[in-house]
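Written below as structure tokens is the structure these notes are about.
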Amino acid sequence: MTYTKGKLLVAASALEDRHFNRTVVFMLEHDHQGALGVVLNDPMLVHPGEIIKDWADQFEDQAVIYRGGPVATDAVIGIARTQASSEKSLVGRVEIIDLHLSPAERSDVKQVRVFAGYGGWSAGQLEAEIEEGSWLVLEAQEDDIFYPEADTLWAKVLTRQGGLVGRMAQAPDDPSQN
Numbered sequence: 004m005t006y007t008k009g010k011l012l013v014a015a016s017a018l019e020d021r022h023f024n025r026t027v028v029f030m031l032e033h034d035h036q037g038a039l040g041v042v043l044n045d046p047m048l049v050h051p052g053e054i055i056k057d058w059a060d061q062f063e064d065q066a067v068i069y070r071g072g073p074v075a076t077d078a079v080i081g082i083a084r085t086q087a088s089s090e091k092s093l094v095g096r097v098e099i100i101d102l103h104l105s106p107a108e109r110s111d112v113k114q115v116r117v118f119a120g121y122g123g124w125s126a127g128q129l130e131a132e133i134e135e136g137s138w139l140v141l142e143a144q145e146d147d148i149f150y151p152e153a154d155t156l157w158a159k160v161l162t163r164q165g166g167l168v169g170r171m172a173q174a175p176d177d178p179s180q181n
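Residue numbering for the sequence shown follows the numbering used here, starting at 4 and increasing by one per position.
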């Protein structure tokens with residue numbers, strides 16, 4: 004069995020679940036018990052500094068919280084780009100950060116993105132969805148996690164794959180219009 008931790012799940016154009024249509028999910032955990040990831044391209048109109056006051060100075064003015072998924076939407080998850088990769092890194096210099104710590108305790112943090120909620124899959128559920136073609140499992144790049152244009156991330160990730168996968172980015176929103 005291949006696990007997806009540190010990779011991207013990219014919704015196939017025919018995925019009909021409204022929570023995940025045309026989404027790019029960064030996988031934070033995946034083992035025999037299930038999987039957990041955050042949606043990278045569903046911004047909310049809330050500045051993270053309004054919720055995580057201690058970290059307010061770390062966010063750019065235009066920063067927003069992202070809807071990480073439909074599970075535990077009242078919980079926040081922080082993903083950080085650090086100065087150097089470590090054993091905690093998921094891809095490149097990207098890792099989960101404990102937002103309960105003060106920024107002074109994490110002086111190595113260069114950039115933070117905050118997610119409300121997450122996508123979760125029970126044991127075997129994600130594997131079945133991948134097998135049925137609902138998701139493509141693709142390599143993540145550090146910049147994907149912090150990509151500023153949420154509405155074009157899905158197409159960007161698909162296009163860089165080239166070939167048939169790259170052409171999926173041109174599919175209409177409604178597959179019956181194809």
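The beta carbon of each residue, even a glycine, is placed where N, CA and C say it ideally should be.
If one requires a minimum length of 4 residues, the alpha helix (DSSP H) runs lying completely within the segment 84–162 are 128–134, 145–148 and 153–162, in chain order. Of 35, 40 and 34, the smallest CA-CA separation from residue 138 is found for 40. Taking C-beta atoms as the reference points, residue 149 and residue 173 fail to come closer than 8 Å. In the structure shown, residue 78 adopts extended strand secondary structure according to DSSP, grouped into three states.
Taking the Cα of residue 26 as reference, the smallest distance to any Cα among 126, 72, 98 and 127 is reached at 72.
Separation of residue 159 and residue 67 (C-alpha to C-alpha, rounded to the nearest whole angstrom) is 20 Å. Residue pairing of residue 29 in beta bridges, as defined by DSSP: 11 and 41. Residue 168: member of the alpha helix (DSSP H) spanning 166–170, first to last residue.
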